[in-house]
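Trainee: Just so we're aligned, residue 1 is where the sequence shown starts under full-length UniProt numbering, counting upward by one.
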Amino acid sequence: MEQKRMNLLMFSGDYDKAMAGLILANSAWDIGVEVTMFFAFWGLFLVRDPEKMTLEDKTLYEKLMTWMTPKGPDELPLSKMNYSGLGKWMLNEMIEDQEAPRLIHFLKGARKKNIKFYGCKLSVEIMGFKPEEFLPELEIIEAQTYLRDALESDIQLFI
């Protein structure tokens, strides 16, 4: 039997949506499904490395984008009920009460499992990010490459 494949396009920069995508990616991998994740625009915030942020060789707008946006998974807001971070704090307390993993744990799991991480080349360029500002697992690719992968997948999800 041919191995099943799943492709997730991560467009959202929201904590809860990123968590849903990573839960599905890890769960699919756990049942033997090959998984690729393509991060575009706001979804790129999930795979930014806060330790590698730079303002060097950036335009004013690119510097503003760097300053004004989440610096990685821990800074992502909720999609609903964020309330200046109070809603996210409440959600994390509820996650802890249930002894469930947080977003960062699902991201670390995906990285350990070698789930393929791709970043949209055009999104990276438009937003003024540099390839070295991301997790080392992220490979920058063009949309056509993503689409070829999606067309060959059994499941395609847009988050």
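Yeah, the Cβ is synthetic: ideal placement off N, Cα and C, and Gly gets one too.
Remember, predicted model here, so these are calculated numbers, not experimental data.
Rounded C-beta distance between residue 107 and residue 49? I'm assuming under 8 Å.
Mentor: As a working mapping, residue 107 is identified with position 107 in the sequence shown. As a working mapping, residue 49 is identified with position 49 in the sequence shown. In fact, because the Cβ distance is near 11 Å, the residues do not count as touching under 8 Å.
Trainee: In the DSSP assignment, the beta strand (DSSP E) including residue 7 goes from what residue to what residue?
Mentor: Residue numbering aside, residue 7 sits at position 7 when the sequence shown is read from its first letter. Where residue 7 is concerned, the enclosing beta strand (DSSP E) stretches over 5-10.
Trainee: By the three-class DSSP mapping on this structure, what secondary structure does residue 128 have?
Mentor: Within the sequence shown, numbered from 1, the residue matching residue 128 stands at position 128. Of the three classes helix, strand and coil, the one that applies to residue 128 here is coil, per DSSP.
Trainee: Mind pulling the alpha helix (DSSP H) runs of 4 or more residues that sit fully within the region 64-141?
Mentor: Whole alpha helix (DSSP H) segments, 4+ residues: 86-97, 103-112 and 121-126.
Trainee: Can you check whether the CB of residue 138 is closer than 9 Å to the CB of residue 7?
Mentor: For the purposes of this step, residue 7 is identified with residue 7 of the sequence shown, where counting begins at 1. For the purposes of this step, residue 138 is identified with residue 138 of the sequence shown, where counting begins at 1. Not closer than 9 Å, so no.
Trainee: Where does residue 157 sit, in a helix, a strand or coil, going by DSSP?
Mentor: Locating residue 157 in the sequence shown gives position 157, counting from the first residue. Reduced to three states, the DSSP call for residue 157 is strand.
Trainee: For the region 5-22 against the region 55-68, do three or more pairs of beta-carbon atoms, one drawn from each stretch, fall closer than 8 Å, so that the two count as touching?
Mentor: As far as the Cβ criterion goes, the region 5-22 does not touch the region 55-68, which means the pair count is below three.
Trainee: Give the single residue among 117, 4 and 153 whose Cα lies nearest to the Cα of residue 32.
Mentor: In the sequence shown, counting from the first residue as 1, residue 32 sits at position 32. Comparing Cα-Cα distances from residue 32 to each of 117, 4 and 153, the minimum goes to 4.
Trainee: Let me make sure I understand the geometry here. Which of 23, 44 and 43 has the alpha-carbon closest to that of residue 35?
Mentor: Here residue 35 refers to the residue found at position 35 of the sequence shown. Nearest option by C-alpha distance: 23.
Trainee: Could you check if residue 143 is buried or exposed, using at least 16 other CB atoms within 10 Å of its CB as the buried criterion?
Mentor: Counting from one through the sequence shown, the residue named residue 143 turns up at place 143. Exposed.
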